[in-house]
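Same order as they appear, the protein sequences are chains A and B. Letter by letter, the first sequence follows residues 12 to 423 in the numbering used here. Letter by letter, the second sequence follows residues 12 to 423 in the numbering used here. Just so it is clear, CB atoms sit at the ideal spot from N, CA and C, and this is done for glycine as well. Every value quoted in this text rests on a predicted model; they were computed, and no experiment measured them. Structure first, commentary second.
Protein chains: 2
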Amino acid sequence: MALIVQKYGGTSVGTPARIQRVADRVARERRAGHELVVVVSAMADTTDELLALAERISAEPRRRHPRELDMLLTAGERIAMALLAMAIRDRDVEAISLTGSQAAIITDNVHTGARIEEVRATRVREELKRGRVVIVAGFQGVSREREVTTLGRGGSDTTAVALAAALGAERCDIFTDVDGVYTADPRRVPSARRIPLIDFQEMVELATSGAQVLHPRAVEIGARFHVPIRVLSSFRDDDGGGTLITRKEHGMEHLALTGLASESGHVRLVLRGLPVGMGATAEVLTRLADAGVSVDIVEQADRADGRRQLQITVREDALAEAKQICERLIADLEGERLEVQPGLARIALVGSGMHDRPGVYAQIFRALIAAGIEVHALSASAISIAVLVDAEREQEALRVLHHAFGLGEEQP
Amino acid sequence: MALIVQKYGGTSVGTPARIQRVADRVARERRAGHELVVVVSAMADTTDELLALAERISAEPRRRHPRELDMLLTAGERIAMALLAMAIRDRDVEAISLTGSQAAIITDNVHTGARIEEVRATRVREELKRGRVVIVAGFQGVSREREVTTLGRGGSDTTAVALAAALGAERCDIFTDVDGVYTADPRRVPSARRIPLIDFQEMVELATSGAQVLHPRAVEIGARFHVPIRVLSSFRDDDGGGTLITRKEHGMEHLALTGLASESGHVRLVLRGLPVGMGATAEVLTRLADAGVSVDIVEQADRADGRRQLQITVREDALAEAKQICERLIADLEGERLEVQPGLARIALVGSGMHDRPGVYAQIFRALIAAGIEVHALSASAISIAVLVDAEREQEALRVLHHAFGLGEEQP
Chain A
12 MALIVQKYGG TSVGTPARIQ RVADRVARER RAGHELVVVV SAMADTTDEL LALAERISAE
72 PRRRHPRELD MLLTAGERIA MALLAMAIRD RDVEAISLTG SQAAIITDNV HTGARIEEVR
132 ATRVREELKR GRVVIVAGFQ GVSREREVTT LGRGGSDTTA VALAAALGAE RCDIFTDVDG
192 VYTADPRRVP SARRIPLIDF QEMVELATSG AQVLHPRAVE IGARFHVPIR VLSSFRDDDG
252 GGTLITRKEH GMEHLALTGL ASESGHVRLV LRGLPVGMGA TAEVLTRLAD AGVSVDIVEQ
312 ADRADGRRQL QITVREDALA EAKQICERLI ADLEGERLEV QPGLARIALV GSGMHDRPGV
372 YAQIFRALIA AGIEVHALSA SAISIAVLVD AEREQEALRV LHHAFGLGEE QP
Chain B
12 MALIVQKYGG TSVGTPARIQ RVADRVARER RAGHELVVVV SAMADTTDEL LALAERISAE
72 PRRRHPRELD MLLTAGERIA MALLAMAIRD RDVEAISLTG SQAAIITDNV HTGARIEEVR
132 ATRVREELKR GRVVIVAGFQ GVSREREVTT LGRGGSDTTA VALAAALGAE RCDIFTDVDG
192 VYTADPRRVP SARRIPLIDF QEMVELATSG AQVLHPRAVE IGARFHVPIR VLSSFRDDDG
252 GGTLITRKEH GMEHLALTGL ASESGHVRLV LRGLPVGMGA TAEVLTRLAD AGVSVDIVEQ
312 ADRADGRRQL QITVREDALA EAKQICERLI ADLEGERLEV QPGLARIALV GSGMHDRPGV
372 YAQIFRALIA AGIEVHALSA SAISIAVLVD AEREQEALRV LHHAFGLGEE QP
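Here it is, written out as structure tokens:
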């Protein structure tokens, strides 16, 4: 009898009919003898409707009233979890719903973007001991001052994996609207294939590079506490196997590349004519970090005339702030000028075998050049390589690379 | 600087525009120097929408899943109070919303119909000390086992008066969609007048007899803890004075009658041919009470042939159960038969001067007989007299009695 944590997202509980379907699945798993903790998000649209209400009351609720916004939004999971508990109980399976506070998901005090500090889950354990399915509100927690908080993006995934870690669950099953993690987005790359097994770190790379299926925060907790995570479709009765995210034991001949992810909305900033040797790069990166701007790719080049050129990429939503900071810096450091190159897409090639396979860079460049796609910038980590291309070539670049690395082919 | 508890019902916070209006009023009172605790109900329709959702999930949520229904319904006040807090804060008045649990409204464990056992309100006092307007969710509480409960009908009024009692507030202002308590329902009796001042006990009688404006539970708490309650319209900027419910000091010549209330949906059951002297009446009343059926008027008559006739009135919603119990009893006691007389209305004449004014009964009967309205049954308490008439004559009877006792006339 295993303890399993299941998580159902907003679309999976989006209508009463879908809630009934989730209840069927939960009842089936429970009857199979498993102990179950079920984490739910708010029903699809509920959060948007509540936000719209808040915006009819106040101009900038997130900035001006973060505490009250959390109070408001947490009504969403409350509704979904109570309805799911009723549906499960109607199937003669004992169930009880608990808020983030009742489940003792203890967070810091940062409203609308809290981080989990501790999962006490005393009440969850008690209810499991009574033989009940325990339904826990995703996305929400409580601070040590007993204030209601929300976890921000990826919150419900994070709740589920953190609970699985705290309870020592055998596995955390994330039910969503796709049936697993793919070698590339199947809407863009028709030959994309489901990845049956993927390493935690590979998944973190894919998730941070634009794969929407699972939030990297959740995967990181899974990696740290060794909680295997399975991604499955809630719309299929057979789960199709899904994707298991775990610590991968590599064979002798494992594949270099596991999958691709991409994201448009990147911008390159070129700072021309900075002084060399005065810590200009460090100064730029420090000021941006202080302002909360994440920088992705950093490249620098020293010119023959003894000035330095610095190229950084940021996301579009941080552009205004980044631009202001860079312009001020160029003035302070007596640099030449700032150039902005918008409309870029970042494509990440992820695979834990990447770094010990020579020629991967060459293979990437050859494939893209043959298709006439220019690579504007490039970066690499131990298990991934990212290239920046024009956003209008994003889909084509994905297909070219997917094909070049044989990701669409039958695996041995 | 007085401490005042204000309560706003569902229609008063029914739309974002109305919430803004309530925020205006709260900000004005706060700037006038008062300490404020504001109790809110769910926005109009929210509770009905949540109930409809529950009924799409499960056939009888109230009976089968009371705990989860409470979890669901408490989302309603959460939404309203967070929005109101934002609106007040936008007016540069410090405000914070607290759930029933955070405000420590401690109840028993009876889901969907809990009773308040204690109001700790520690957090409420702390927030008041910080100069904040404290918004508290009405209708909800928390049991000693930390389960979320709801108070059932009249719940938000009850929360407000109980908080006022616990905090030693100077007054509890109930804002609603009418501007006070009237001598009769003004939709039915056009000459009805607002009652500026009414005694707690009179108000309890009016409220239990069908006056919708305020729930008797709330008035009873006001009476017990001497919290004056004011009923006001939230739709008028001048409050029009409203109705103050308090302990009334009677003058020498106070009016016999304060007001009328009525309610249709009453049924009379006639149990014919019961044995005399075998405790038949006690047996009937005991069995009905055990089944949770409230009996209103009880009349018994011994016939010349030595059998007894018992007449009781109950509400229509308890009729099926009452009928079954009475039929079984007639069989057990070898009585003759049961007759059911449906379609009755109960009209209550309330006034604390009633019992020491002779001739009130005669005045009632004279007025109704002159209008050709039959009185089917009658009962009296120290401060009220109730008569049962045919439901289709309810409105006419109200007008006749209102006129007969001069309630529409200018008072000295």
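Item to complete: Answer with yes or no whether the minimum CB distance from A:L83 to chain B is below 7 angstroms.
Response: yes
Worksheet item: Got a sec: is the Cβ-Cβ distance from B:E347 to anything in chain A below 7 angstroms?
Response: no
Worksheet entry | Within-7 angstroms CB hit, A:R136 to chain B | no
Item to complete: Counting only runs of 4+ residues fully inside the stretch 273-349 of chain A, write out the alpha helix (DSSP H) ranges in chain order.
Response: 291-301 and 330-343
Worksheet entry | CB-CB length for A:Q113 against A:R134, believed under 8 angstroms | 6 angstroms
Worksheet item: Can the beta-carbon of A:T58 be found less than 7 angstroms from the beta-carbon of A:G25?
Response: no
Discussion item. Can you check which of these residues, B:L330, B:E138 and B:A125, is closest to B:A302 by C-alpha distance?
Written reply: B:L330
Worksheet item: Taking the alpha carbon of A:R157 as the point to measure from, which residue in A:I116, A:P197, A:A132 and A:G163 has its own alpha carbon closest?
Response: The shortest Cα separation from A:R157 among A:I116, A:P197, A:A132 and A:G163 belongs to A:I116.
Practice prompt. Could you work out which residue in A:A229, A:M365, A:G124 and A:L412 is closest to A:A272 when comparing CA atoms only?
Written response: That would be A:L412, whose Cα lies nearest to the Cα of A:A272.
Discussion item. Given this structure, state the Cα-to-Cα distance separating B:H237 from B:R131, to the nearest angstrom.
Written reply: 18 angstroms
Worksheet item: Can you name, in chain order, every residue of its own chain whose Cβ lies under 7 angstroms from the Cβ of B:R298, other than the five neighbours on each side?
Response: I336 and L340
Worksheet item: Between the C-alpha atoms of A:Q352 and A:T194, what's the straight-line distance to the nearest angstrom?
Response: In this structure, the straight-line span from the alpha carbon of A:Q352 to that of A:T194 is close to 29 angstroms.
Item to complete: Taking only the alpha-carbon atoms, compute the straight-line gap between A:A312 and A:R404 and give it to the nearest angstrom.
Response: 27 angstroms
Worksheet item: Of all the CB atoms in chain A, is at least one closer than 7 angstroms to the CB of B:P27?
Response: yes
Practice prompt. Kindly indicate which residue of A:I127, A:E79 and A:N120 has the alpha-carbon position closest to the one of B:A106.
Written response: When each option's Cα is compared against that of B:A106, the closest is A:E79.
Item to complete: Please look up how many angstroms separate the CB atoms of A:G435 and A:S245, rounded, as I've assumed it's under 8 angstroms.
Response: Residue 435 of chain A is absent from the structure shown; chain A starts at 12 and stops at 423.
Worksheet item: The beta strand (DSSP E) spanning A:L389 covers which residue range?
Response: A388 to S392
Discussion item. In whole angstroms, give me the CA-to-CA distance for A:G346 and A:A300.
Written reply: 20 angstroms
Worksheet entry | A:A106 - containing alpha helix (DSSP H), residue span | It is not in any alpha helix (DSSP H) - A:A106 instead sits in the beta strand (DSSP E) that spans A106 to L109.
Discussion item. Between A:L94 and chain B, is any beta-carbon pair separated by less than 7 angstroms?
Written reply: yes
Worksheet item: Assuming A:F186 and A:Y19 make a contact with CB atoms under 8 angstroms, what is their CB distance in whole Å?
Response: Confirmed, Cβ separation roughly 5 angstroms.
Worksheet item: In the stretch 64-105 of chain B, which residue ranges form an unbroken beta strand (DSSP E) of at least 3 residues, counting only runs that do not cross its ends?
Response: none
Practice prompt. Using beta-carbon positions only, say whether A:L162 and A:A218 come within less than 7 angstroms of one another.
Written response: no
Practice prompt. For A:A65, I'd like the list of residues in its chain whose CB is within less than 7 angstroms of its CB, leaving aside the five on either flank, ordered along the chain.
Written response: Excluding the 5 residues flanking it on each side, A:A65 has same chain C-beta neighbours closer than 7 angstroms at P72, L80 and L83, in chain order.
Practice prompt. Give the straight-line distance between the Cα atoms of B:T254 and B:L409, rounded to the nearest whole angstrom.
Written response: 21 angstroms
Discussion item. Any beta carbon from chain A within less than 7 angstroms of B:I90's own beta carbon?
Written reply: yes
Discussion item. Buried or exposed for A:R39, going by 16 or more other Cβ atoms inside 10 Å?
Written reply: exposed
Item to complete: Please list the partners that A:P72 has in chain B, where partner means a Cβ-to-Cβ separation under 7 angstroms.
Response: M97
Discussion item. With a threshold of 7 angstroms between beta carbons, is A:I68 in contact with chain B?
Written reply: Interface residue, yes.
Worksheet item: Does any C-beta atom of chain B lie closer than 7 angstroms to the C-beta of A:R404?
Response: no
Discussion item. If you reduce the DSSP assignment to three classes, tell me which class A:S244 lands in.
Written reply: Here DSSP, grouped into helix, strand and coil, assigns A:S244 to strand.
Worksheet item: Based on the DSSP output, what are the partners of A:I209 in its beta bridges?
Response: According to DSSP, A:I209 bridges with A:I256.
Worksheet entry | Nearest-angstrom Cα separation, counted from A:A234 out to A:G270 | 19 angstroms
Practice prompt. Under 7 angstroms Cβ to Cβ from B:A402, same chain only, skipping five residues before and after it: list those, please.
Written response: S275, G354, L355 and A356
Worksheet item: Hey, B:I68 and A:M54 are a contact pair by Cβ (cut 8 angstroms); roughly how many whole angstroms apart?
Response: The pair is not a contact, with the Cβ atoms about 11 angstroms apart (cut-off 8 angstroms).
Worksheet item: Tell me which same chain residues have a C-beta within less than 6 angstroms of the C-beta of B:R43, skipping the five on either side of it?
Response: The displayed chain sequence assigns Ala, not Arg, to residue 43 of chain B. Nothing listed; no residue qualifies.
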